[in-house]
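To start, the structure under review is shown below, and the notes come after it.
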Amino acid sequence: LKRAVENHCQTVAFPSISTGVYDFPLDKATKIAIDAIRTFDAPLDVTMVCFDTGTYEAYQSALAN
Numbered sequence: 031l032k033r034a035v036e037n038h039c040q041t042v043a044f045p046s047i048s049t050g051v052y053d054f055p056l057d058k059a060t061k062i063a064i065d066a067i068r069t070f071d072a073p074l075d076v077t078m079v080c081f082d083t084g085t086y087e088a089y090q091s092a093l094a095n
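Those letters in the sequence shown? Residues 31 to 95, by the working numbering.
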């Protein structure tokens, strides 16, 4: 997010980092990502890219909390 601001970006997209082949716990990854986005103070349009239905549902659930 910091690099996006430094490069004058207005939008940024992230995958669910390390939750696929590296098997990082999805619930933990969603909480970390959403907390980081919510606390970062910059006018960015952030898109989370979900590669399957389970990932999408995990992000939907985390966003509701």
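Cβ coordinates follow ideal geometry from the N, Cα and C atoms, glycine included. This structure is a prediction, so every number in the text was calculated from the model and none was measured.
Practice item. Would you decide whether residue 77 is buried or exposed? Buried here means 16 or more other CB atoms lie within 10 Å of its CB. Key: Against the sequence shown, residue 77 aligns to sequence position 47. The residue in question, residue 77, is exposed, as its Cβ has fewer than 16 Cβ neighbours within 10 Å.
Check your understanding: Helix, strand or coil: which one does DSSP assign to residue 72?
Key -> Taking the first residue of the sequence shown as position 1, residue 72 is located at position 42. Coil at residue 72, not helix or strand.
Practice item. For residue 88, count neighbouring Cβ atoms within 10 angstroms of its own Cβ and tell me buried if that reaches 16, exposed if not. Key: Counting from one through the sequence shown, the residue named residue 88 turns up at place 58. Buried: at least 16 other Cβ atoms inside 10 Å.
Review point. When the Cα atoms are used, what is the spatial distance from residue 52 to residue 58?
Key: The sequence position of residue 52 within the sequence shown is 22, counting from 1. The sequence position of residue 58 within the sequence shown is 28, counting from 1. Taking C-alpha positions only, residue 52 is separated from residue 58 by approximately 13 Å.
Exercise for review: Give the secondary structure of residue 51 by DSSP, where H, G and I count as helix, E and B as strand, and everything else as coil.
Suggested key: The residue you call residue 51 lines up with position 21 of the sequence shown. The answer is coil: DSSP assigns residue 51 none of H, G, I, E or B.
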